[in-house]
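A.B. asks: Letter 37 of the sequence shown, counting from 1, is numbered 1157 in the working numbering, and no numbers are missing.
Provided herewith is a single structure, encoded as structure tokens, for subsequent inquiry.
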Amino acid sequence: MRNKLCSLARLVPNFRLIPKQNANSELKAKKDFEGNMTAVSYDTKTRTKKISYADGTENVIVYDECGNVLNATNESGSLSYIYDKAGFLTKETDEKTGENVNYFYDKAGRRTRLLSKERDISYNYGKNSELLAQKDRAKQLEVSYKYDISGREIERRFGNGVKQLTFYDKAGR
């Protein structure tokens, strides 16, 4: 399981690609409709290592030899990540605030718990590794899930009694 940099992601509207790519066909730059350039650089394993924005800010990403993100930094701060020997994310630290998010897994590699200052989420799975329930003890939130014979989610039930149903046509859409 790889972590995602959703907390460092940055949406910049009105981008169009310009034909600036490196030898590996990786994007080197983007230009928006106002002429502002965003440059992207890569490490030797073709992983994004830096994104430089027109306003002078940057996103910088550092990886370990397995390709896991060790550190991600932007103008808002820095996040560092620790993984176990199997490559599962076990700890995320916000360097600015010192806050941690800890992740726990079972022997099958499924996340069983997420623990932080404000969250304590447990995850329960069925015999086919389908997520059956998540419960956030800290926020008193609970969600349970049901699946059809094909393993597709058909019901999501929230702790407050709200039920969300999903229906599929004959083609499975």
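Just so you know, even glycine gets a beta-carbon here, dropped at the ideal spot from N, CA and C.
In angstroms, rounded to a whole number, what distance separates the CA positions of Tyr1225 and Ala1149?
C.D. replies: Each residue's alpha carbon lies about 39 Å from the other.
A.B. asks: Give the straight-line distance between the Cα atoms of Leu1252 and Tyr1265, rounded to the nearest whole angstrom.
C.D. replies: In a straight line, the C-alpha of Leu1252 is about 5 Å away from that of Tyr1265.
A.B. asks: Ile1171 bridges to which residues according to DSSP?
C.D. replies: Ile1171 pairs with Val1160, Asn1179.
A.B. asks: Pick out whichever of Glu1262, Tyr1183, Val1182, Ala1159 has its Cα sitting closest to the Cα of Gly1306.
C.D. replies: Residue 1306 is absent from the structure shown; the chain starts at 1121 and stops at 1293.
A.B. asks: From Glu1250 to Lys1151, what does the alpha carbon distance come to, in whole angstroms?
C.D. replies: Approximately 42 Å between the Cα atoms of the pair.
A.B. asks: Would you kindly report the start and end of the unbroken beta strand (DSSP E) that includes Ser1196?
C.D. replies: Per DSSP, Ser1196 belongs to no beta strand (DSSP E) and is neither H nor E.
A.B. asks: Check each candidate in Phe1153, Glu1154, Tyr1183, Asn1156 and name the one with the smallest Cα separation from Tyr1318.
C.D. replies: The structure shown does not extend to residue 1318, since the chain is modelled only from 1121 to 1293, so the question has no answer here.
A.B. asks: Assuming Lys1255 and Ile1269 form a contact by the criterion Cβ under 8 Å, report the distance between their Cβ atoms to the nearest whole angstrom.
C.D. replies: Actually they do not touch by this definition, with Cβ atoms about 26 Å apart.
A.B. asks: Ordered along the chain, which non-local residues of its own chain (more than five positions away) have a Cβ less than 7 Å from that of Ala1228?
C.D. replies: Closer than 7 Å at the Cβ level, and outside the excluded window around Ala1228, lie Ser1249.
A.B. asks: Who are the Cβ neighbours of Ser1236 in its own chain at under 6 Å, not counting the five residues just before and after it?
C.D. replies: Result list for Ser1236: Val1221, in chain order.
A.B. asks: Compute the Euclidean distance between the alpha carbons of Gly1246 and Val1263, then round it to the nearest angstrom.
C.D. replies: About 14 Å.
A.B. asks: Within the segment 1233-1266, note down every full beta strand (DSSP E) run reaching 3 residues or more, in order along the chain.
C.D. replies: With a minimum length of 3 residues, the continuous beta strand (DSSP E) runs that stay inside the segment 1233-1266 are 1240-1245, 1251-1256.
A.B. asks: Identify whether Asn1188 lies in helix, strand or coil by the three-state DSSP scheme.
C.D. replies: In the structure shown, Asn1188 sits in coil (DSSP, three-state: anything other than H, G, I, E or B).
A.B. asks: Helix or strand or just coil, what does DSSP make of Asn1220?
C.D. replies: Residue state, collapsed to three classes: strand.
A.B. asks: Please return the same chain residues whose Cβ sits closer than 7 Å to the Cβ of Ser1127, not counting the five positions on each side in sequence.
C.D. replies: Note that Ser1127 scores a pLDDT of 37, beneath 50, so its modelled location is shaky; the value from the coordinates is reported in the next line. Excluding residues within five positions, the ones whose Cβ falls inside 7 Å are Leu1199.
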